[in-house]
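Input: a single structure, listed below in structure tokens.
Residue numbers (this note's numbering): 80 to 251.
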């Protein structure tokens with residue numbers, strides 16, 4: 080029952096985080112970047128940095144909240160089942176945060192008319208995801224979830240590296 084509670088907590092935190100990011104960054108970021116579509120590249124990159132800094136502040140705030148509550152969460156993880164649920168909680172949160180970082184880059188790709196580059200990266204992510212799901216019957220759930228986290232990290236890395244190569248956008 081405690082495992083179900085921790086998984087429910089993971090779900091609530093992930094959905095709340097996603098909703099908060101949509102309201103605070105995604106919608107306003109789309110409007111902000113689209114208004115700069117006809118401006119010089121330097122202006123669009125500056126706007127992207129502004130959005131990304133805002134996003135990093137929110138992620139830092141979430142990280143601090145998790146750090147403050149780390150001891151109470153770990154104290155609940157005395158049994159193997161609770162430990163697994165806690166690992167799931169942190170993996171779900173990690174996936175959600177990485178997805179939000181990716182959304183910021185995706186917005187910039189779309190504004191820069193580079194949807195074809197974004198599409199290729201997403202196809203690569205999908206193929207990796209498909210392979211993991213196909214092999215998941217041979218993995219433990221923790222391994223499958225960790226593989227999905229790795230796919231998200233690789234996808235974000237590809238987005239960031241490609242943005243740096245094309246537009247000289249650096250991670251902040």
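Cβ coordinates follow ideal geometry from the N, Cα and C atoms, glycine included. Since the model is a prediction, treat every value here as computed from it, not as a measurement.
C-beta contact flag for residue i and residue j at 8 Å
| i | j | result |
| --- | --- | --- |
| residue 238 | residue 167 | no |
| residue 155 | residue 161 | yes |
| residue 172 | residue 98 | no |
| residue 176 | residue 165 | no |
| residue 115 | residue 107 | no |
| residue 179 | residue 231 | no |
Extent of the continuous alpha helix (DSSP H) to which residue i belongs
| i | result |
| --- | --- |
| residue 119 | Element bounds for residue 119: n/a, residue is neither H nor E. |
| residue 195 | 194-214 |
| residue 217 | It is not in any alpha helix (DSSP H) - residue 217 carries neither H nor E in the DSSP assignment. |
| residue 152 | 149-154 |
Per-residue burial, residue i [other beta carbons within 10 Å of its own, 16 or more giving buried]
| i | result |
| --- | --- |
| residue 105 | buried |
| residue 100 | buried |
| residue 188 | buried |
| residue 248 | buried |
Handout entry: Stretch pair the stretch 202-222 + the stretch 122-129: three plus CB contacts closer than 8 Å
Key = no
Handout entry: Segment contact, 8 Å Cβ cut-off, at least three pairs: the stretch 143-151 with the stretch 191-205
Key = no
Handout entry: the stretch 177-192 touching the stretch 211-223, judged by at least three CB pairs closer than 8 Å
Key = no
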